[in-house]
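These notes are about the structure you will find just below.
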Amino acid sequence: MEKYKYIDLFAGAGGMSLGFDKAGFENVLAVEYDECFAETYKFNFPDHNLKVEDIKNISNDEIKKIIGNNKIDVIIGGPPCQGFSIAGRIGRNFIDDERNQLFKEFVRFVNVIKPKIFVMENVAALKTHNKGKTIEEIVNEFKNVGYTVKYDVLNAVNYGVPQQRRRIFIIGTLNENNKFEFPKKTNKYITIKEALKGLPELKSGETSNIPNHNAMHHSKQMLEKMSYVKDGGDRNDIPEELRPKSGDIRKYIRYNSKEPSICITGDMRKVFHFNQNRALTGRELARIQTFPDNFIFKGNAGKVQQQIGNAVPPKLAFQIANSVKEVLDNE
Ligand SMILES: C[S@@+](CC[C@H](N)C(=O)[O-])C[C@H]1O[C@@H](n2cnc3c(N)ncnc32)[C@H](O)[C@@H]1O
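Going by our numbering, 178 is the number at position 171 of the sequence shown; the sequence numbering is gapless.
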């Protein structure tokens, strides 16, 4: 049977692409403009058609040329939307704020290609922002190009991902009767200890021969203070006389081995391993995001963290992809 075809916009390292590939979809195009993230994508998906380009520079004619005779079933992607956080406060609409231009680029691709279904992922706050007006605007933008929209905030921890990560998923279908059903929750949380199992121990500054499993270097003072912080503990574990009086509270937190991880972002340098005196390595962060160990991240430590922190956990993307498949199978 022919595979369903997808396009990944704002592809990053490819967390979402990986989930869709695993569910049996075929990539026709991926767009990412960051050279380093694109290197990662190319390395892990050598058969995909990656365009390393600012999405704004891809004209409608070019889109049609790239697609050719392919019938696109689904467009997926997570456009960065920066303007929404203050748009409400200053009384401006989400759509009119130029910092949300990339959202409009996503709508433009959907409008030109007219896939049967699209999946747009974004920060959970979109749902409640500006007393619900922002999500209403978004739904209307898609409605104007012919789509019926459903949305929900999912917490990755409920889908076999060892991490508290809430994100909105907005799903539109060309069919007026949007039959998409969000995946069913699993009933067991995976702890961080389970997630990191089997990875060799490392000291601050040590490297290993496992790809992306290299520990960053911490100052002597930091290491001393953190040596007092227990599994799941914080700066209050540090003896009074050594405890910093001010500064970033996150500097002195240790992961709780019995819980899933807190949300992985682009900068996790200040949260320490539950029983090793250092921050997590890229490989450990990748485990928490459910990337397999053979998925390699390119670039320096900062870039590696960014692309891991940006990603949709592949395991969650896989379940979304299966729900998308249900819709397509029943068209
Ligand atoms: C939230 S991340 C996407 C993560 C991806 N969905 C995943 O699962 O790994 C957004 C991506 O959009 C890219 N991006 C931002 N502006 C762009 C633009 N104008 N053109 C193309 N890509 C852009 C960023 O470099 C970043 O990798």
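Beta carbons are placed, not taken as given, at the ideal position from N, Cα and C, and that holds for glycine.
Between the CA atoms of residue j and residue i - distance to the nearest angstrom
i      : j      : result
Ile303 : Ile70  : 29 Å
Gly85  : Ile327 : 14 Å
Lys310 : Glu9   : 36 Å
Glu105 : Gly19  : 22 Å
Leu292 : Ile271 : 7 Å
Asn64  : Asn282 : 48 Å
Leu206 : Ile217 : 9 Å
Phe44  : Asp274 : 16 Å
Arg174 : Arg242 : 29 Å
Ser211 : Phe113 : 42 Å
Gly167 : Glu46  : 28 Å
Thr180 : Glu42  : 32 Å
Pro321 : Leu335 : 20 Å
Phe325 : Phe32  : 10 Å
Lys12  : Gly21  : 16 Å
Val119 : Pro267 : 41 Å
His55  : Ser330 : 22 Å
Residue of the options minimising C-alpha distance to residue i
i      : options                           : result
Asn100 : Asn118, Leu133, Phe116 and Lys195 : Leu133
Val156 : Glu60, Ala163 and Ile142          : Ile142
Ala308 : Asn221, Val334 and Glu266         : Asn221
Asn284 : Asn301, Ser268, Gln296 and Ile260 : Ile260
Pro169 : Lys140, Leu203, Asn184 and Ile178 : Leu203
Arg276 : Leu335, Phe187 and His224         : His224
Glu188 : Asn337, Gly26 and Asn107          : Asn337
Asp103 : Asp80, Val164 and Ile145          : Ile145
Lys200 : Asn137, Arg294 and Phe27          : Arg294
Leu109 : Asp61, Gly153 and Thr214          : Asp61
Lys111 : Asp28, Asn147, Ser234 and Arg290  : Asn147
Thr193 : Gly289, Leu161, Lys186 and Lys138 : Leu161
Contact test: residue i Cβ vs ligand 1 heavy atom, cutoff 7 Å
i      : result
Gly239 : no
Pro87  : yes
Lys80  : Note that residue 80 is Asp in the sequence shown, not Lys. The answer is no for Asp80.
Ile178 : no
Phe126 : The question names Phe, but residue 126 in the sequence shown is Val. Every heavy atom of ligand 1 is 7 Å or more from the Cβ of Val126, so no.
Asp61  : yes
Met340 : Outside the displayed span of the chain (8 to 338) sits residue 340, for which this structure offers no information.
Gly167 : no
Phe44  : yes
Asn51  : no
Ala30  : no
Asp41  : yes
Met23  : yes
Asn317 : yes
Outcome for residue i when other beta-carbon atoms lying within 10 angstroms are tallied against a minimum of 16
i      : result
Leu287 : buried
Arg172 : buried
Glu248 : exposed
Pro299 : exposed
Asn34  : buried
Thr297 : buried
Gln228 : exposed
Asp68  : exposed
Gly139 : exposed
CB contact check: residue i to chain C, cutoff 8 Å
i      : result
Arg115 : Of the chains in the structure shown, none is chain C; there is only one protein chain.
Near ligand 3: residue i beta-carbon under 7 Å from a heavy atom
i      : result
Leu109 : Ligand 3 is not among the ligands present in this structure, which contains only ligand 1.
(Q) I'd like the ranges of any alpha helix (DSSP H) spanning at least 4 consecutive residues and lying wholly in the region 196-243. (A) List check, alpha helix (DSSP H) in window: 199-202 and 227-233.
(Q) Please give the ranges of any alpha helix (DSSP H) in the region 64-92, keeping only runs that are unbroken, at least 4 residues long and fully inside the region. (A) Counting whole runs of 4 or more residues, the region 64-92 contains the alpha helix (DSSP H) stretches 67-74.
Q: Please specify which runs of the beta strand (DSSP E), each continuous and at least 3 residues long, are wholly inside the region 95-133, giving them in chain order.
A: For the region 95-133, the continuous beta strand (DSSP E) assignments of 3+ residues that do not extend past its boundaries occur at 124-130, in sequence order.
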